[in-house]
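Undergrad:
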Amino acid sequence: NYEIYNAIGQVVAKGKLESTIDVADLELGVYLIKFNNESKTITKRFIKN
Numbered sequence: 001n002y003e004i005y006n007a008i009g010q011v012v013a014k015g016k017l018e019s020t021i022d023v024a025d026l027e028l029g030v031y032l033i034k035f036n037n038e039s040k041t042i043t044k045r046f047i048k049n
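Counting from 1, one number per residue, gives the positions in the sequence shown under the working numbering.
(1) Is the beta carbon of Y31 less than 8 Å from the beta carbon of N6?
(2) With the cut-off set at 8 Å, would you say N37 and K16 are in Cβ contact?
(3) How about T41: is its Cβ closer than 7 Å to a heavy atom in the ligand ATP?
(4) Mind checking whether K44 and I33 have CB atoms under 8 Å apart?
(5) May I have the straight-line CA-CA distance separating E3 from I21, to the nearest angstrom?
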């Protein structure tokens, strides 16, 4: 599973992890994406420009 957060901490997208994640509907800016499974959580920052 994944969740995408905007710069002010609001969840703007979430879903089940597939081979690609569509971010076309997100506004330009900086985001955090959090990947979760039963044993681990990984958080990464990305920029849509």
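Glycine included, C-beta positions come from ideal geometry on N, C-alpha and C.
All values derive from a computational prediction rather than experimental measurement.
TA: On the basis of the supplied data:
(1) yes
(2) no
(3) With respect to the ligand ATP, the structure offers nothing, as it holds no ligand at all.
(4) yes
(5) 11 Å
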